[in-house]
Structures are given as structure tokens and as C-alpha cells.
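Novice: The structure follows.
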């Protein structure tokens with residue numbers, strides 16, 4: 272990355288940080304581009320050079336969050352079965368726990384759906400990079416459906432879990448999700464009706 276590219280990225284980060292700061296004090300809909308630029312100590316021209324609108328800043332933020340999460344996910348060693356799921360859930364719940372203030376802010380501001388949208392867009396191309404035993408090997412359309420199920424479930428867990436004033440610790444949610452996954456697997460492997 273050359274000096275100009277670094278400056279552009281730094282400006283984007285300052286604008287993103289400014290918007291987050293402002294959202295802790297006022298409603299997203301009421302925040303102006305001028306306020307964001309002034310808080311970042313940048314010009315409106317710089318804002319519009321970096322982003323089309325406020326929603327683009329939120330998408331940039333969600334994009335960064337996904338990249339940080341995916342980077343951690345790729346660091347785990349491939350395993351089989353339950354150990355892989357436990358490790359994946361550990362990474363998932365601990366990562367988002369550390370980001371809970373930001374996630375809670377997005378939920379309160381009605382912007383959390385951006386997380387799901389960005390995650391769905393970015394996860395599909397990276398699907399094969401993360402070798403998980405539960406991944407389906409199919410057509411791009413089939414993979415898209417499977418990822419929609421998985422991502423929708425995970426982001427809704429985040430919304431319910433971190434949308435609370437006093438969310439449970441990550442270990443507790445991880446154990447509950449492992450139990451739910453085990454019960455689902457068991458129900459698929461049984462031929463008996465209770």
C-alpha cells in the first residue's frame with residue numbers, strides 16, 4: 272500500500288470512528304455528513320471521496336468486522352466433528368463478545384442487518400478457504416442456500432444474545448449452541464418417533 276492509499280484508508284477509518292462516536296450520542300438518522308466530517312476533522316469533500324453516504328460507512332465498518340472475524344477463523348487448525356464445531360463456536364462467540372459494545376450500538380440504531388448483508392456477500396467467496404466438515408460441496412446456488420441458513424442463524428443468535436442489556440458470557444451461549452447442534456444431529460440419526 273503506497274502513501275496515498277494509506278491516507279485514504281486512514282481517512283475512512285477516522286470517518287468510521289467519528290460516526291460510531293456520534294451514534295453513541297444521537298440517532299443515526301439525525302447525524303449529518305457535515306457532523307461526521309467535522310468530528311473526524313476532515314472536509315465534506317474527503318467524506319464524499321471516501322463514501323457515497325452514511326450507510327456506506329456502516330457497510331465499511333461491517334466489512335472490517337467480517338475481515339477481522341474471518342482472519343481469526345482461518346487461524347484454527349482443521350479438525351473433525353465436534354472438536355471443530357467447539358473451536359469454531361469458541362472463536363465466534365469470543366470474537367463477537369469482544370465487539371459487543373459496537374454490536375449493541377448497531378442493534379440499538381437499527382443497523383444490525385448490515386452485518387448480515389455484508390457477511391453473506393463476503394462469506395460465499397471465502398467458503399472454500401475455511402474447510403469445515405459441515406460444509407456442503409455443491410453448486411454455487413446450493414452453497415448460497417447453505418450459507419444463508421448458517422449465517423442467518425448465527426447473526427440472529429448475535430442479535431438475540433448481544434441485544435440484551437446483560438448478555439450471558441460467551442461460554443454459556445457456546446454450550447447451549449453445541450447442545451442444540453447435538454440434538455439436531457441426534458434427531459436426524461434416529462428412526463424412532465417418540
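In this note's numbering, the protein residues as written are 272 to 465.
Using N, Cα and C, we set each Cβ at its ideal position, and we do this for glycine too.
What are the boundary residues of the alpha helix (DSSP H) that residue 408 is part of?
Specialist: Where residue 408 is concerned, there is no enclosing alpha helix (DSSP H), given that its DSSP letter is neither H nor E.
Novice: Alpha carbon to alpha carbon, what distance is there between residue 359 and residue 347?
Specialist: Taking the straight line joining both Cα atoms gives about 8 Å.
Novice: Whole angstroms are fine: how far does the CA of residue 379 sit from the CA of residue 323?
Specialist: One C-alpha to the other measures close to 23 Å.
Novice: Only counting the same chain, and skipping five residues up and downstream in sequence, which positions put a Cβ closer than 7 Å to that of residue 395?
Specialist: Only 414, 415 and 418 meet the Cβ criterion.
Novice: What does a CB cutoff of less than 7 Å around residue 362 pick up in its chain, not counting 5 residues either side in sequence?
Specialist: Excluding sequence neighbours, residue 362 sits near 343, 344 and 347.
Novice: Compare the C-alpha of residue 447 against each of 356, 315 and 332 and name the closest.
Specialist: For residue 447, the nearest C-alpha among the options comes from 356.
Novice: If you pair each beta-carbon of the stretch 294-305 with each one of the stretch 330-337, do three or more pairs fall below 8 Å?
Specialist: Contact between the stretch 294-305 and the stretch 330-337 is absent, because fewer than three Cβ pairs lie under 8 Å.
Novice: So residue 397 packs on residue 341, CB below 8 Å; how close in whole Å?
Specialist: Correct: roughly 6 Å between the Cβ atoms.
Novice: In the DSSP assignment, the alpha helix (DSSP H) including residue 301 goes from what residue to what residue?
Specialist: Residue 301 -> no alpha helix (DSSP H), and no H or E assigned at all.
Novice: Can you tell me whether residue 345 is helix, strand or coil according to DSSP?
Specialist: If DSSP states are grouped into helix, strand and coil, residue 345 belongs with the helices.
Novice: Give every residue of the same chain whose Cβ lies closer than 6 Å to the Cβ of residue 391, excluding the five residues on either side of it in the sequence, and list them in chain order.
Specialist: Hits under 6 Å: 422.
Novice: From this set, 459, 445, 304 and 282, which residue's C-alpha is nearest residue 365's C-alpha?
Specialist: The shortest C-alpha separation from residue 365 is found at 445.
Novice: Which value, in whole angstroms, describes the spacing of the CA atoms of residue 352 and residue 449?
Specialist: Using only the alpha carbons, I get a separation of about 12 Å.
Novice: Taking the beta carbon of residue 411 as the centre, do at least 16 other beta carbons fall within 10 Å, making it buried, or is it exposed?
Specialist: With fewer than 16 Cβ atoms within 10 Å of its Cβ, residue 411 is classed as exposed.
Novice: Using the C-alpha atoms, what's the distance from residue 435 back to residue 372?
Specialist: Each residue's Cα considered, the two are about 11 Å apart.
Novice: Is the separation between the beta-carbon of residue 291 and that of residue 376 shorter than 8 Å?
Specialist: Yes.
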